[in-house]
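Engineer:
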Amino acid sequence: MPQRIIVPVADQTGLEARLAEHFGRAPYFAVIDLNDALEIVQTQMVENVGAHTGGIKQAHDNIVKLQPKAIIVYGMGRHGLQAFNDAGITVLKANADTLSQVISGYKKQTLEELTEGCPHAHRE
């Protein structure tokens, strides 16, 4: 079954884009569509127009509308994690620095599910 994954990134350099440290403040989200063989069909960079500022806008609301199967992040806050869980979206913990590396981890199923949010999502 085709799958969509979303990864917060710091720049628009395609598959070599570096992951953003903070989910809600990521400048862009990479939207990756995979076919049944988990090959990349399409990659697009979407500006984070919902960067959160004191709860006024929430990035996760916009991501849920894109209907991903999974999101790959270094970490995220409790409210964002709960919103994705409620929407049936799996949140996975990134184990690499670039978009291509985390996509590889996703394909190999080496990424762990993120089960706890933190007050501020920072990389360990």
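Position in the sequence shown counted from 1, then plus 16, gives you the working numbering. Just so you know, even glycine gets a beta-carbon here, dropped at the ideal spot from N, CA and C.
Spell out a yes or no on whether the stretch 127-134 and the stretch 41-49 are touching, meaning 3 or more CB-CB pairs, one atom from each, closer than 8 Å.
Structural biologist: Verdict: no, contact absent.
Engineer: What does a CB cutoff of less than 6 Å around Gly71 pick up in its chain, not counting 5 residues either side in sequence?
Structural biologist: With a pLDDT of 48 at Gly71, under the threshold of 50, the predicted position of this residue should be treated as unreliable, and no value is reported.
Engineer: Exposed or buried, Val53, counting other C-beta atoms within 10 Å across all chains shown (16 or more means buried)?
Structural biologist: Looking at the sequence provided, one finds Ala at residue 53 rather than Val. Answer is exposed; the Cβ neighbour count stays below 16.
Engineer: Compare the Cα-Cα distances from Gln74 to each of His95, Val89 and Ile56 and report the closest residue.
Structural biologist: Cα-wise, what sits closest to Gln74 is His95.
Engineer: Since I believe Arg34 is in contact with Val25 (beta carbons under 8 Å), could you give me their beta-carbon distance rounded to a whole number of angstroms?
Structural biologist: The pair is a contact, with the Cβ atoms about 7 Å apart (cut-off 8 Å).
Engineer: Taking the alpha-carbon of Tyr90 as reference, which of Ile56, Asn64, Leu31 and Leu115 has the nearest alpha-carbon?
Structural biologist: Out of Ile56, Asn64, Leu31 and Leu115, Leu115 has the C-alpha closest to the C-alpha of Tyr90.
Engineer: Can you check the stretch 41-104 for any beta strand (DSSP E) of at least 3 residues that lies completely inside it and give the ranges in chain order?
Structural biologist: Runs found: 44-50, 56-63 and 86-89.
Engineer: Can you name the residues that DSSP bridges to Thr114?
Structural biologist: Answer is Arg34.
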